[in-house]
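In the numbering used here, the protein residues as written are 20 to 109. We put the beta carbon where it would ideally sit given N, CA and C, even for glycine.
Shown next as C-alpha coordinates:
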(Lines of atoms letter the chains of each structure in order from A and count residues from 1; the text may use other names and numbers.)
(Lines give C-alpha, C1' and ligand atoms only; values in the text may rest on other atoms or scores of the structure.)
Protein backbone atom coordinates (compact mmCIF):
# COMPACT_ATOMS: atom_id res chain seq x y z
CA UNK A 1 0.00 0.00 0.00
CA UNK A 2 1.21 3.48 -0.88
CA UNK A 3 -0.29 6.63 0.58
CA UNK A 4 0.09 9.61 -1.71
CA UNK A 5 -1.24 13.11 -1.97
CA UNK A 6 -5.04 12.83 -1.58
CA UNK A 7 -5.09 9.13 -2.40
CA UNK A 8 -4.08 5.59 -1.55
CA UNK A 9 -2.80 2.95 -3.96
CA UNK A 10 -3.23 -0.68 -2.97
CA UNK A 11 -1.88 -3.71 -4.82
CA UNK A 12 -3.88 -6.77 -3.85
CA UNK A 13 -2.58 -10.30 -3.54
CA UNK A 14 -4.80 -11.50 -6.38
CA UNK A 15 -3.53 -12.29 -9.86
CA UNK A 16 -6.58 -12.90 -12.09
CA UNK A 17 -6.19 -15.60 -14.72
CA UNK A 18 -8.93 -14.41 -17.07
CA UNK A 19 -10.83 -11.21 -17.85
CA UNK A 20 -13.99 -12.66 -16.32
CA UNK A 21 -12.16 -13.51 -13.11
CA UNK A 22 -10.73 -9.96 -13.01
CA UNK A 23 -14.23 -8.47 -13.37
CA UNK A 24 -15.55 -10.73 -10.61
CA UNK A 25 -12.75 -9.70 -8.24
CA UNK A 26 -13.24 -6.04 -9.13
CA UNK A 27 -16.97 -6.30 -8.38
CA UNK A 28 -16.30 -7.81 -4.96
CA UNK A 29 -13.62 -5.25 -4.17
CA UNK A 30 -15.89 -2.42 -5.34
CA UNK A 31 -18.62 -3.60 -2.98
CA UNK A 32 -16.22 -3.76 -0.03
CA UNK A 33 -14.77 -0.35 -0.86
CA UNK A 34 -18.24 1.21 -1.09
CA UNK A 35 -18.97 -0.20 2.37
CA UNK A 36 -15.84 1.61 3.59
CA UNK A 37 -17.05 4.85 2.03
CA UNK A 38 -14.62 4.85 -0.91
CA UNK A 39 -16.65 5.79 -3.96
CA UNK A 40 -14.09 6.81 -6.59
CA UNK A 41 -12.08 3.64 -7.30
CA UNK A 42 -9.74 3.10 -10.24
CA UNK A 43 -8.49 -0.43 -10.90
CA UNK A 44 -5.21 -1.27 -12.61
CA UNK A 45 -2.94 -4.23 -13.26
CA UNK A 46 0.49 -3.94 -11.65
CA UNK A 47 3.65 -4.98 -13.49
CA UNK A 48 3.62 -8.21 -11.48
CA UNK A 49 0.19 -9.08 -12.90
CA UNK A 50 -1.58 -8.45 -9.60
CA UNK A 51 -4.78 -6.45 -9.43
CA UNK A 52 -4.52 -3.04 -7.78
CA UNK A 53 -6.68 -0.01 -7.17
CA UNK A 54 -6.45 3.66 -6.31
CA UNK A 55 -8.92 5.51 -4.10
CA UNK A 56 -9.22 9.14 -3.09
CA UNK A 57 -8.83 9.18 0.66
CA UNK A 58 -8.29 12.85 1.41
CA UNK A 59 -5.34 14.75 2.77
CA UNK A 60 -4.91 12.62 5.90
CA UNK A 61 -6.74 9.30 5.69
CA UNK A 62 -7.85 7.98 9.08
CA UNK A 63 -5.76 5.06 10.40
CA UNK A 64 -8.88 2.88 10.56
CA UNK A 65 -9.46 3.39 6.83
CA UNK A 66 -5.84 2.53 6.03
CA UNK A 67 -6.12 -0.69 8.06
CA UNK A 68 -9.35 -1.59 6.28
CA UNK A 69 -7.75 -0.97 2.88
CA UNK A 70 -4.84 -3.25 3.78
CA UNK A 71 -7.28 -6.06 4.57
CA UNK A 72 -9.76 -5.41 1.73
CA UNK A 73 -8.37 -8.22 -0.44
CA UNK A 74 -9.24 -10.97 2.01
CA UNK A 75 -11.80 -12.39 -0.40
CA UNK A 76 -13.13 -15.93 -0.48
CA UNK A 77 -10.73 -18.41 -2.14
CA UNK A 78 -12.91 -18.77 -5.24
CA UNK A 79 -12.55 -15.05 -6.04
CA UNK A 80 -9.12 -15.26 -7.61
CA UNK A 81 -5.72 -16.80 -7.44
CA UNK A 82 -3.65 -15.44 -4.59
CA UNK A 83 0.03 -14.79 -5.19
CA UNK A 84 1.12 -17.26 -2.54
CA UNK A 85 -1.29 -19.92 -3.77
CA UNK A 86 -2.19 -22.88 -1.66
CA UNK A 87 -3.23 -26.16 -3.14
CA UNK A 88 -6.80 -27.31 -2.57
CA UNK A 89 -5.94 -30.82 -3.72
CA UNK A 90 -6.51 -33.39 -1.05
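Against chain B, with Cβ distances strictly below 9 Å, would residue i count as a contact?
i: residue 66; result: As a matter of chain content, chain B is missing from the structure shown, which is built from one protein chain.
Where does residue i land, buried or exposed, given buried means 16+ other C-beta within 10 angstroms?
i: residue 72; result: buried
i: residue 61; result: exposed
i: residue 21; result: exposed
i: residue 35; result: buried
Which partner residues does residue i have in the DSSP bridge list?
i: residue 64; result: 70
i: residue 28; result: 21, 73
Under 8 Å Cβ to Cβ from residue i, same chain only, skipping five residues before and after it: list those, please.
i: residue 59; result: 74, 75
i: residue 25; result: 75, 76, 77, 78
Can you grab the Cα-Cα spacing for the pair residue i / residue j, in whole Å?
i: residue 43; j: residue 70; result: 12 Å
i: residue 89; j: residue 29; result: 7 Å
i: residue 81; j: residue 67; result: 29 Å
i: residue 64; j: residue 27; result: 15 Å
i: residue 53; j: residue 46; result: 11 Å
i: residue 87; j: residue 57; result: 11 Å
For residue i, I'd like the list of residues in its chain whose CB is within less than 6 Å of its CB, leaving aside the five on either flank, ordered along the chain.
i: residue 23; result: none
i: residue 91; result: 51
Measure the CB-CB distance between residue i and residue j and report whether it falls below 9 Å.
i: residue 31; j: residue 48; result: yes
Residues in the same chain with beta-carbon distance under 7 Å from residue i, minus the five sequence neighbours each way, listed in chain order, please.
i: residue 84; result: 55, 76
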